[in-house]
Amino acid sequence: MLTRQERFWRDPINTPALTSAVSPRPALGLASGKLILAGEHSVVYDRPAIALPFTRLNARARISSIDGPSRVSSAYYEGTLDDAPDILSGMVDCIRATVEAVGHPREHFMIQVDSTIPTGRGLGSSAAVAASAVRGIASYYGAVLSHEEEMSLVRIAEVHAHGTPSGIDAEAVVATGPFRFVKATPIVPLPVGRALHLVVADSGLRGNTRAAVEGVRCRFENERAATEEHLDQLAVVVDDVQDALRDGDTEFLGTSMNVAQRELSAIGVSDSALDSLIVEALRAGALGAKITGSGLGGCIVVLASDAESVAPLAEALRSAGAQETWPVVVHERSAEEIR
Ligand code: MEV
Numbered sequence: 197m198l199t200r201q202e203r204f205w206r207d208p209i210n211t212p213a214l215t216s217a218v219s220p221r222p223a224l225g226l227a228s229g230k231l232i233l234a235g236e237h238s239v240v241y242d243r244p245a246i247a248l249p250f251t252r253l254n255a256r257a258r259i260s261s262i263d264g265p266s267r268v269s270s271a272y273y274e275g276t277l278d279d280a281p282d283i284l285s286g287m288v289d290c291i292r293a294t295v296e297a298v299g300h301p302r303e304h305f306m307i308q309v310d311s312t313i314p315t316g317r318g319l320g321s322s323a324a325v326a327a328s329a330v331r332g333i334a335s336y337y338g339a340v341l342s343h344e345e346e347m348s349l350v351r352i353a354e355v356h357a358h359g360t361p362s363g364i365d366a367e368a369v370v371a372t373g374p375f376r377f378v379k380a381t382p383i384v385p386l387p388v389g390r391a392l393h394l395v396v397a398d399s400g401l402r403g404n405t406r407a408a409v410e411g412v413r414c415r416f417e418n419e420r421a422a423t424e425e426h427l428d429q430l431a432v433v434v435d436d437v438q439d440a441l442r443d444g445d446t447e448f449l450g451t452s453m454n455v456a457q458r459e460l461s462a463i464g465v466s467d468s469a470l471d472s473l474i475v476e477a478l479r480a481g482a483l484g485a486k487i488t489g490s491g492l493g494g495c496i497v498v499l500a501s502d503a504e505s506v507a508p509l510a511e512a513l514r515s516a517g518a519q520e521t522w523p524v525v526v527h528e529r530s531a532e533e534i535r
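Quick note: the sequence shown uses the numbering used here, first residue 197, plus one each step.
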């Protein structure tokens, strides 16, 4: 159901850029990276998960008017939308669907995409780039998309990138804090009883979400009962993580993250590089450590006991081979604040 404002922008008589010779002003779309605290993979099988935006890293799309056919400028490609390589077909479809959705299919613009989110590391790069483009295009035309419309447009790019995305990445890259997610239902923002100090460490190895998800699918089909048990266990961990977040119980949160990692290993999505970073994090005093995102390459997320422990933990992880580390503070927020 469209709101009055959405109907306004859908109505051709209210879309002056279609007929006006005056070009719209440049516009910017922004989205952040993402972290999954618990429930990656099991979320594909209708179990809950908990994710949050990783705002230190972000994607931005700048849209400006040009003459001639629309163009893309990015680290991977510079040229017309029409000639974009196959690897960008998801993004191109997402951009085209967005201009269609905002009612300006004949417009000409340059979309310049910059992202500080490393690709293939489970940090939501593809969803963030798509969300920044969707938001940038909507803003360029002064259109207002509903959250559901935005999510379904981002999904177009995500399906190309991952095959069968649960939708958690698309939600996380535009979220304002931690939330509980179940496929095809609205997110539930979560309260945080005490600030959390995390370290994200990049193994430096590229992961492949599609391959990791297919690997779990294979297990699910061939070892159904055992895999269902691991997925159920991951769902229990998600409830525990939610409780620990609410209560500010960092010890229990750390323990729950470690249980999640055991289950994720059991379904085959950890690897030796991630395992040795996790061992090092725990040896260096972390309360918990696990992969974040699809695994098989990519990053781990580590829970420090307090703010002072973050720098030594990051140092230990870099000495153990992490290519990059980022500190993350998850700020306290009450149930009233998210209402
Ligand atoms: C990827 O960030 C998270 C996965 O659970 C896949 C998905 O939910 O679409 C591995």
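No residue lacks a Cβ here, since even glycine has one placed at the ideal position from N, Cα and C.
Q | Nonlocal neighbours in the same chain, by C-beta distance under 8 Å from S269, ignoring five residues either side | A | Within its own chain, the residues whose Cβ lies closer than 8 Å to the Cβ of S269, once the five positions on either side in sequence are excluded, are M306, I307, Q308 and V309, listed in chain order.
Q | Cβ-Cβ distance between I490 and T405 below 9 Å | A | Looking at the sequence itself, residue 490 is Ser, so the reference to Ile does not match. Yes, these two residues count as a Cβ contact at 9 Å.
Q: May I ask whether a heavy atom of ligand 1 can be found less than 8 Å away from the beta carbon of T360?
A: yes
Q. Enumerated in chain order, which unbroken segments of the alpha helix (DSSP H) with a length of 4 residues or greater are wholly contained in the stretch 429-471?
A. For the stretch 429-471, whole alpha helix (DSSP H) runs of length 4 or above, ordered along the chain, are 446-462.
Q) If you run the structure through DSSP and keep just helix, strand and coil, what is D310? A) strand
(Q) Can you find the residues in the same chain that come closer than 8 Å, C-beta to C-beta, to V409, ignoring five residues on each side of it along the sequence? (A) H237, V240, H358, G359, T360 and S490
Q: Reducing DSSP to helix, strand and coil, say where V384 ends up.
A: strand
**Q.** Proximal residues to P624 (C-beta, below 8 Å), its chain only, five neighbours per side dropped
**A.** In the structure as shown, the chain begins at 197 and stops at 535. Residue 624 is therefore absent and cannot be evaluated.
Q | Start and end residues, alpha helix (DSSP H) containing S348 | A | H343 to H358
(Q) Let's test the definition: count the other Cβ atoms within 10 Å of the Cβ of S266 and tell me whether it reaches 16, buried, or not, exposed. (A) buried
Q: Could you have a look at N418 and say whether DSSP puts it in helix, strand or coil?
A: helix
Q. Where does A217 fall in DSSP's three states?
A. Any reading at A217 must be qualified, since the residue scores a pLDDT of 41, below 50, and its modelled position is unreliable; the value itself is stated next. Three-state result, A217: coil.
**Q.** Residue environment, R351, which counts as buried when at least 16 other CB atoms sit within 10 Å
**A.** buried
Q.
With distance defined between alpha-carbon atoms, name the residue in N254, A512 and V330 nearest to A500.
A. A512
Q. Going straight from the alpha carbon of G450 to that of A422, what length do you get?
A. Going from the Cα of G450 to the Cα of A422 covers about 25 Å.
Q | Under the three-state DSSP convention, the category T372 falls into | A | coil
**Q.** C-alpha gap between S216 and D263, whole angstroms
**A.** With a pLDDT of 39 at S216, under the threshold of 50, the predicted position of this residue should be treated as unreliable, though the coordinate-derived value follows. Going from the Cα of S216 to the Cα of D263 covers about 14 Å.
Q. Excluding sequence positions up to five away, which residues of its chain have a Cβ less than 6 Å from the Cβ of D207?
A. Its pLDDT being 34, under 50, D207 is placed unreliably in this model, and the coordinates cannot settle the point.
Q) With distances taken between CB atoms, is the gap from H304 to S261 smaller than 9 Å? A) yes
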